[in-house]
Amino acid sequence: MTLTARFLSVFGDARVIAKGEAAGLKLVAKSADPNFVRGTYEPPIQQAIVANLAPGDAFFDIGANIGFFSLIAARRVGPRGQVYAFEPVPRNAAAVAESARLSGFDTIRVFAEAAGATS
């Protein structure tokens, strides 16, 4: 079994997000909230990300889950910006990285660890 086939057997295939600020991007979301794929997950946060980021900015996604907000931020900051996604659950961190790759973003750096003052 290839690495891609193994990944998809665990995480599911990538879905194209239907609407919202992430419309058209690809998200690996096998068992996640269906609102991610619909593009209807937390619309006020989607809008805040777009309203407060500019091309070239940096965005820190602490507790990135499967990377939905990281994808929106990467689209907004563009190729000169950077997104730092921190996700301590290895399966979710892998999903963020795969979603970034499938969506064509090389500006998302995934850290498979928690971010905090103490361990």
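Residue numbering for the sequence shown follows our numbering, starting at 68 and increasing by one per position. Cβ atoms here follow ideal geometry from the backbone N, Cα and C, with glycine treated the same way.
Sequence-distant Cβ neighbours of S170 in its own chain, meaning closer than 7 Å and more than five residues away, are L92, K93 and L138.
Setting aside the 5 residues that flank it on each side, P146 is surrounded in the same chain by T174, each with a C-beta closer than 7 Å to its C-beta; the list follows chain order. Following the DSSP letters along the chain, one finds F172 in no alpha helix (DSSP H), marked with neither H nor E.
Residue pairing for Q149: DSSP places it in a beta bridge opposite A125. With contacts defined as CB atoms closer than 8 Å, D128 and F153 qualify as a contacting pair.
Exclusion of the five residues before and after E109 leaves no residue of its chain whose Cβ lies closer than 6 Å to its Cβ. Only exposed fits R105, as fewer than 16 other CB atoms lie within 10 angstroms of its CB.
The C-beta separation of V144 from V150 comes to about 7 Å, placing the pair in contact by the 8 Å criterion.
Of the other Cβ atoms in all chains shown, 16 or more fall within 10 Å of the Cβ of E165; this residue is therefore buried.
One Cα belongs to N132, the other to P122, and the distance between them is close to 24 Å. Here the alpha carbon of A167 sits roughly 27 Å from the alpha carbon of A184. C-alpha of A85 to C-alpha of A182: approximately 31 Å in a straight line.
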